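Inspection log for the structure reproduced underneath, given as structure tokens.
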């Protein structure tokens, strides 16, 4: 039985390579693991000034990342760049995220990483968690193993994996992108690629899957099922 | 009473050890205390003896409730029968403790074996629970003098067969010469004395314990605030201070005593009584130690802390003690008098900690005209000497203050959790406060006095779970659980999940979960037998 709260989060970044890119937005919501619902008023949303702009405010992006954000936000790419230049410093925003997570530890006799929220999100194994790890190292939020200490250390819930488990035998789902999944499940695409909207949608998907698992697992007998 | 002693373990003198206001409020002369105070005996009989000498354990409270002592004699007996000897001595399939309780409550007939023993055993319902009773018997029916009677006590205590044989012979001969009992009766009485010595207690000791127990109960009855403030102050010396604080605070609240989180304006180091309430001390906050306290006192010297504005407190006090301690102080509610949420104060402190000392000094130069943290930072941004980069940073900090990245309202759940973590118990609110309890028919506070016995629906937060295995019943060896729930009014410490219910609801039974329970009152009336359990909804 899991009692740790689940933090569903999402980064928007200034690049597609999680090893190099900088976050420009980080959003999260917290899921209550018992009631399986988003905890009211648990939304987090913060902006980050990209590292390249912190170093050189006149830096010129050579990739098409500004076009992508301009398309999503329906504005000119110059406007995106100008906004990014005014976003808060990375260290300030990061500290606020760490403080936010601190509020959602599960009560335990001794506060430790094991009472921290479980990290969850879409495609976080390949992308978002790598950024989390990088920033954790940069700002000294690491455990003895030099991994992030802001989340529960053992379990990570990548919702993309959950989707795969349920659709790996089917051709109904054309791809595993969040947009396709959203469309398939009938979730509105309005505001998609805003980190908060994505985190909230992912949380709803996660809740749906966890409820499904609970209803199925109560009808399946696992114990000694390999004996016969 | 042959001996009266204040044992070093006595709780009562603790009250006089307190240094400041407590000893002034309560400093009684023992001879002035009324030993027949009805309300004190009622408190003992209700089992409300947390903190009372010898009676504060669960066992002590339970036996006090069953036995309902109404004088020192009965209280001495209670103290004797709750000792390991009586609890372990089995006669006719029942412990001596239970024999005594049942006889006292008229559930078992009182038998003195021989009418000559009645005057000696009538005050203890025919049970030989004191060593002095054995000596009295030897004196009355075997004609022993006091020295011989004491030798009998010692011989039995030492368990040396040769000495026993010698004393037994003297006893039988003595009985023969007085002729009060026959030889066979004398043999049987001696055998009884011999067995009783495994569990009987020294009466003088029991009486001195009883008086100490009564005195602490008297104080709890008539000076409850002093009693609790004193006990809370010394809770630090207990094996598990957190548990002790929690139990005492809960008990104090049950007795309608207002216990409040620390208040920085009082600058009290330990628990104190102020304006009819008990306040936590600043050093009772986890993470706020002696050295930080001293630093705080030095920061406050020459300052009237009760009149300090929010910005003064933030910039002059909170930023000048180490940040971890300042955060603990905020979380505890000690800075709650500004009407800001703890999350907001915490957030503002984190913002201010981003400033350099030079920037803080700039703000301090004009602090009395600035009302909010935002105003302070705006003043810095607009008139301070800042580099372009610092201006950018300050502007972003102001933006965060104006539009924080997460909700800065305090949820009762969070408050309950942090108070539990850093004060040892939640005081300001209970996690149950955020749940829908409209389907319940009583709260934990009403449970004790309610006459409803069946179909009880109650909501509470799980405080403790003790899983055990059934010894008898339909299926011995199955797991069942005793659960403690509380809801901010009081706790019910015996919610019973029998094996069937435990199996069905075990997933809901974990520390700090809030559940709705349906069930019936137990035979003992103070417990709830759970039939169904649900996750509470907000």
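Chains as they are written, first to last, in this note's numbering: chain A, 12 to 239; chain B, 501 to 1038. Every residue gets a Cβ at the ideal spot worked out from N, C-alpha and C, and that includes glycine. Quick caveat: nothing in here was measured; it's all calculated off a predicted structure.
Asked: Cβ of residue 854/B within 9 Å of any chain A Cβ; Found: yes
Asked: Integer-rounded CB distance, given that residue 706/B should sit under 8 Å from residue 579/B; Found: 5 Å
Asked: Limits of the beta strand (DSSP E) - the one that residue 997/B falls within; Found: 991 to 997
Asked: Whole-Å CB distance - residue 834/B paired with residue 737/B, under 8 Å assumed; Found: Not a contact, Cβ separation roughly 23 Å.
Asked: Distance between residue 599/B and residue 621/B (C-alpha atoms, nearest Å); Found: 14 Å
Asked: Members of the segment 14 to 40 of chain A that neighbour chain B once the beta carbon cut-off is set at 7 Å; Found: 14
Asked: Three-state class that DSSP yields for residue 524/B in the structure shown; Found: For residue 524/B, the predicted model reports a pLDDT of 47, less than 50, meaning its position is unreliable; a value from the coordinates is still stated below. Helix at residue 524/B.
Asked: Short Cβ contact (9 Å threshold) for residue 167/A with residue 127/A; Found: no
Asked: Residue(s) in a DSSP beta bridge with residue 1031/B; Found: DSSP, once it has assigned bridges, lists no residue as partnering residue 1031/B.
Asked: Residue 843/B (DSSP reduced to helix, strand or coil); Found: helix
Asked: Partner residues on chain A for residue 630/B, Cβ-Cβ distance less than 8 Å; Found: Those do not exist, as residue 630/B stays about 43 Å from chain A at its closest Cβ, beyond 8 Å.
Asked: Residue 55/A: contacting residues in chain B (beta-carbon distance under 8 Å); Found: 905 and 906
Asked: Span of the alpha helix (DSSP H), counted from its first residue to its last, around residue 1021/B; Found: Run containing residue 1021/B: none in the alpha helix (DSSP H); it sits in the beta strand (DSSP E), 1014 to 1021.
Asked: Amino acids of chain A, ordered along the chain, whose beta-carbon sits closer than 7 Å to that of residue 1007/B; Found: 12
Asked: For residue 1/A, the nearest candidate out of 71/A, 57/A and 225/A (CA to CA); Found: Outside the modelled stretch of chain A, which goes from 12 to 239, sits residue 1/A, for which no answer is possible.
Asked: Near-chain B residues of the segment 89 to 112 of chain A (beta-carbon distance less than 7 Å), N- to C-terminal order; Found: 99, 100, 103, 106, 107, 110 and 111
Asked: Cβ of residue 873/B within 9 Å of any chain A Cβ; Found: no
Asked: Under 9 Å between C-beta atoms of residue 50/A and residue 16/A; Found: yes
Asked: Residue 733/B burial status per 10 Å Cβ neighbour count (16 or more: buried); Found: buried
Asked: Residues bridged to residue 601/B [DSSP beta-bridge criterion]; Found: Partner(s): none; residue 601/B has no beta bridge.
Asked: Alpha helix (DSSP H) runs wholly inside the segment 680 to 766 of chain B, at least 4 long, in chain order; Found: 683 to 696, 703 to 722, 724 to 733 and 741 to 754
Asked: Contacts of residue 893/B in chain A (Cβ-Cβ under 9 Å); Found: 99, 100 and 103
Asked: Test: residue 117/A CB closer than 9 Å to a CB of chain B; Found: yes
Asked: Opposing strand residues paired with residue 774/B [DSSP bridges]; Found: 777/B
Asked: With 16 other Cβ atoms within 10 Å as the buried cut-off, status of residue 185/A; Found: exposed
Asked: Chain B contact for residue 208/A (CB, 9 Å cutoff); Found: no
Asked: Burial state of residue 726/B (16 or more Cβ within 10 Å); Found: buried
Asked: Within chain A, partners of residue 897/B - CB distance below 9 Å; Found: 99 and 103
Asked: Where residue 131/A falls: helix, strand or coil (DSSP); Found: strand
Asked: Cβ neighbours of residue 540/B in the same chain (closer than 6 Å, five flanking residues each side left out); Found: 717, 718 and 721
Asked: Separation of residue 548/B from residue 232/A, as counted between CA atoms; Found: 48 Å
Asked: Environment of residue 23/A [buried if 16+ CB atoms lie within 10 Å]; Found: buried
Asked: Inside the segment 860 to 903 of chain B only - beta strand (DSSP E) runs reaching at least 3 residues; Found: none
Asked: Beta-carbon proximity of residue 987/B to residue 943/B, cut-off 9 Å; Found: yes
Asked: Alpha-carbon to alpha-carbon, residue 981/B and residue 1000/B; Found: 11 Å
Asked: Residues, ordered as in the chain, of the segment 1009 to 1025 of chain B that lie near chain A by beta-carbon distance below 8 Å; Found: 1010, 1011, 1012 and 1013
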